[in-house]
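Here the structure is laid out as structure tokens; the discussion comes afterwards.
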Amino acid sequence: VSYLSIDSTVRSWLLTTDHKRIGVLYLFTVSFFLALGGSFALALRVEHLGPGPTVMTAMTYDRLFTLHGVTMVWLFMIPSIPAAFGNFFLPIMIGAKDVAFPRLNLLSYWIYVAGATIVLASLLFGGIDTGWTFYPPYASTSPTAVFWAVLGIFVIGWSTIITGVNFIVTTHAMRARGMRFLDMPLFVWAMYGTSVIQVLATPVLGLALLLTGLDHAFAWGMFDPARGADPLLFQHLFWFYSHPAVYIMILPAMGVVSEIVPTFSHKRPSSYKAIAYSTFGIAFVGFLTWGHHMFVAGMSVVDAGAFGILSMLVAIFSAIKVFNWTWTMKRGAITVKTPLLYVFAFLFLFVFGGMTGVAVATTSLDVHWHDTYFVVAHFHFIMVGGTLTAFLAALHYWFPKMTGRMYPERLGVLSAALVFAGFFLTFFPQFLLGNGGMPRRYYDYPARFQTLHVLSTAGAFVLAIGMVLPVIYLVWSAFHGERAPDNPWGSRSFEWRTQTPPPKHNFLAQPDFKVGAYEYETPLEELP
Amino acid sequence: MNEAHEHFAGLEEQESAARLGLWVFLGSEALLFAGLFMLYAALRVEHPHAFHEGVHHATKTLGSINTGVLLVSSGFVAYAVHAIRQGRRALAVGCTSVTIVLGLVFFAIKITEYAKHWSEGIGPGARGAFFTEHADKALPAFWTLYYTATGLHAVHVLVGITVLAILVLGIVRGKVDERTAYRLECGATYWHLVDLFWIFLWPLFYLA
């Protein structure tokens, strides 16, 4: 009996403590918010079809870009891969029956839903127009519902911390007998690094948002220079979280790629240890780079230089991973399926976005690009081109295991191509716009930018089609798709060694992981 | 009820998981207060005089009594852990209850302190007559931070009291006994952390 068929009442789903079902709940919820955040983005792009007012007022535009950012960052990307796929696969990959604290896991889900509801409720109280960064002094005096938005994000922070604590403890305490850290699948390493960041960075955001909320509701003044305080301190607190937060988004994506590349190359990673340890290089250095968001905020040359160099170190650790993945594919027996196509898209877009990241970490260049579309394009290349493509790769890769059905390969390939083409068309023109001087978050623009803006909008719609397609065919396949075998990809990783879909406690018997997760030298038939 | 949950290999594994989970969470809490300490350091460097004045004005006596109250309370809960490990449940209930009462005393003194400052015209966010009488424009920064930091700490005291109260109930109902003493130990460790934060707040806002 699989975890899906053991009990099918609504109550058994909403109050489940099974990590797999909680993962599925998260998957549905984050996908909903992805669609919502995406719709906001489409509306923004439509507004930019022409200079001046097109379809909405400037105030509506401000609210939409704020809500787009808030939704995508906290309602989609932070929980996306860790909470959905991490919840589902981390315990299976270490041979555990569940996470260490299953009830806290359920609590974490409902806290997330409550927080997200509060964020959306802010719409009823007039929306928010501060941008997702809530910078004071404007956030303190904005006539919009800043208090509700930051309260909602504060609540979601609890969910993030609980999930992080749960995953760290699960990894330490629940591994199958005899499994060392260096036997764990690479996705588990990525989740572990992510969890450390979640636990250490989120409380600092909590403090910054708490003070912002108090400021907005009760004129607290903790960032008001007229009352002896300093608005720059908000930026320091905010980015101390929000920069590591981009590694909360990208490390899980890297974990997904580290699983998919060996599986479809039928080859052991060229260096397991390099991929595993560089995760911690990124997680550690990621805490020392926040100042690069503040180069033009009155930072000394020495500080700016130090933050610039530290930021570039991230590129070194990332490059270690990228070279490893490509080297793993070299001379591999590659099967090109939809998940691997998304990984190809990931590699191209992540390297492209990463290189522009090194560029904006250069202080002299950043002065020119700061707060322009160049930065917008850069972080969308990393976050959408990186996290979103990995999310879609994970969705297709693990879909058979989660649902017991196969997705249609041709439609998968088609939508992967649309996502890649649409994405590139949306954001590549934005590099040119930014370099030409188009500031971010502006409602209006001079007529000479129109061609590039129209191209970007066209790309957004292609991307949207590529995103809607999988929703349709995956929902259809979940019920009517071809039955999936236990190990459709011929992977050696541990989650493929149990039934499809997995039973309630993940393995029918005590799992035996003597053959490692990447031992492609061992023929499939000899797997236990 | 004192058996391990089914997904654990045994009570020992569950115990080490709970302990690790608590310590990781304490690390998270430490970062929350680290943010406050960063604000304090930056603002104090910016306005050394105003912070000196602020500390001078703060209620040294009440703050120091509260330090004593918290330290003694921590001693009692530590002894409660020692007692429950030996299966002396009544003693453990007694000691933990003393800690809870001392926590409430701490909270009451804190409120007295706030009331005193409020009546002096010192509120958060430069509210009150004090700030119109005193010329130094940076004084509100000290007092707003004082209310923020001690207020956030007081919230932690209340949470700690609630946790300890639940654990007392657990001992009475037999859910926490010598085999599951780690549960009380986790609650006590949290209480020690709340205590520890105060050990830092005390010199920053009352002494130096």
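Same order as they appear, the protein sequences are chains A and B.
According to the numbering used here, the residues represented by the first sequence are 1 to 528, in order.
According to the numbering used here, the residues represented by the second sequence are 529 to 736, in order.
Beta carbons are placed, not taken as given, at the ideal position from N, Cα and C, and that holds for glycine.
Note that this is a predicted model, so its numbers are computed, not measured.
Going straight from the alpha carbon of residue i to that of residue j, what length do you get?
| i | j | result |
| --- | --- | --- |
| B:GLU540 | A:PHE89 | 25 Å |
| A:GLY69 | A:LEU340 | 28 Å |
| B:THR660 | A:SER159 | 43 Å |
| A:MET438 | A:HIS292 | 20 Å |
| A:THR451 | A:THR457 | 10 Å |
| A:LEU349 | A:GLY385 | 5 Å |
| B:MET529 | A:ALA116 | Note that B:MET529 scores a pLDDT of 40, beneath 50, so its modelled location is shaky and nothing firm can be said. |
| A:PRO269 | A:TRP325 | 7 Å |
| B:ALA570 | B:GLY549 | 32 Å |
| A:GLN198 | B:HIS662 | 43 Å |
| A:PHE280 | A:VAL376 | 27 Å |
| A:PHE352 | A:ILE81 | 22 Å |
| B:VAL722 | A:LYS273 | 39 Å |
| A:LYS97 | A:LEU4 | 15 Å |
| A:ARG11 | A:VAL113 | 16 Å |
| A:LEU288 | B:VAL704 | 43 Å |
| A:LYS330 | A:ILE316 | 21 Å |
| A:TYR518 | A:PRO488 | 16 Å |
| B:LYS638 | B:HIS577 | 25 Å |
| B:ALA558 | A:HIS216 | 26 Å |
| B:ALA716 | B:GLY688 | 9 Å |
| A:PRO244 | A:MET467 | 27 Å |
| A:GLN499 | A:PHE134 | 47 Å |
| B:HIS684 | B:ALA618 | 26 Å |
| A:ALA447 | A:ARG497 | 59 Å |
| A:GLU495 | A:GLY38 | 31 Å |
Can you name the start and end residues of the alpha helix (DSSP H) that residue i belongs to?
| i | result |
| --- | --- |
| A:MET329 | 301-329 |
| A:PHE241 | The sequence shown places Tyr at residue 241 of chain A, rather than the Phe named in the question. Counting along the chain, the alpha helix (DSSP H) containing A:TYR241 begins and ends at 231-265. |
| B:ASN594 | 588-613 |
| A:SER140 | 138-141 |
| A:GLN510 | Neither: A:GLN510 is in no alpha helix (DSSP H) and is coded neither H nor E. |
| A:MET355 | 338-360 |
| A:ILE94 | Premise fails: A:ILE94 is in no alpha helix (DSSP H) and is neither H nor E. |
| A:MET56 | Unbroken run through A:MET56: none, as it is neither H nor E. |
Looking only at DSSP bridge pairs, what is residue i linked to?
| i | result |
| --- | --- |
| A:SER2 | A:PRO503 |
| A:PRO439 | A:THR372 |
| A:ARG405 | A:ARG483 |
Name the chain A residues that come within less than 7 Å of residue i, Cβ to Cβ?
| i | result |
| --- | --- |
| B:PRO668 | GLY221, ARG227, GLY228 |
| B:SER544 | ALA173 |
| B:PRO652 | TRP220 |
| B:GLU541 | ALA173 |
| B:ALA586 | By Cβ distance, chain A contributes nothing, its closest Cβ being about 16 Å from B:ALA586, past 7 Å. |
What in chain A is Cβ-close to residue i, meaning under 9 Å?
| i | result |
| --- | --- |
| B:ILE703 | Going by the sequence as given, residue 703 of chain B is Lys instead of Ile. Simply none; closest approach about 15 Å. |
| B:PHE565 | Residues of chain A passing the Cβ test: none, with the nearest at roughly 11 Å. |
| B:PRO738 | Absent from the structure is residue 738 of chain B, since the part of chain B shown begins at 529 and ends at 736. |
| B:LYS644 | Here the premise fails: no neighbours, minimum Cβ distance about 21 Å. |
Please look up how many angstroms separate the CB atoms of residue i and residue j, rounded, as I've assumed it's under 8 Å.
| i | j | result |
| --- | --- | --- |
| A:PRO502 | A:ILE92 | 6 Å |
| A:LEU209 | A:PHE154 | 5 Å |
| A:LEU433 | A:PHE449 | 6 Å |
| A:VAL256 | A:PHE187 | 7 Å |
| B:LEU667 | A:GLY221 | Going by Cβ atoms, the distance from B:LEU667 to A:GLY221 rounds to 12 Å, so no, they are not a contact pair. |
| A:VAL119 | A:ALA149 | 6 Å |
| A:ALA345 | A:PHE420 | 4 Å |
| B:LEU673 | B:LEU567 | 6 Å |
| B:GLU574 | A:ASP230 | 7 Å |
Quick one: which chain B residues come within Cβ less than 8 Å of residue i?
| i | result |
| --- | --- |
| A:VAL165 | GLY549, VAL552, PHE553, SER556 |
| A:LEU211 | THR676 |
| A:VAL204 | LEU559, LEU560, ALA562, GLY563 |
| A:LEU200 | GLY555, SER556, LEU559 |
Cβ closer than 8 Å: which chain A residues qualify as neighbours of residue i?
| i | result |
| --- | --- |
| B:THR672 | TRP220, GLY221, MET222, ARG227, ALA229 |
Against residue i, what residues of chain B qualify as contacts under a CB-to-CB distance less than 7 Å, listed in chain order?
| i | result |
| --- | --- |
| A:ILE382 | Correct list: empty, because the minimum Cβ distance to chain B is about 25 Å. |
| A:VAL169 | ALA545, LEU548, GLY549, VAL552 |
| A:PHE101 | GLY549 |
| A:LEU207 | LEU560, GLY563, LEU564 |
| A:VAL343 | Those do not exist, as A:VAL343 stays about 32 Å from chain B at its closest Cβ, beyond 7 Å. |
| A:ILE161 | SER556 |
Any heavy atom of the ligand SAM closer than 7 Å to the CB of residue i?
| i | result |
| --- | --- |
| A:LYS267 | Absence of the ligand SAM is noted for the structure shown, with no ligands found whatsoever. |
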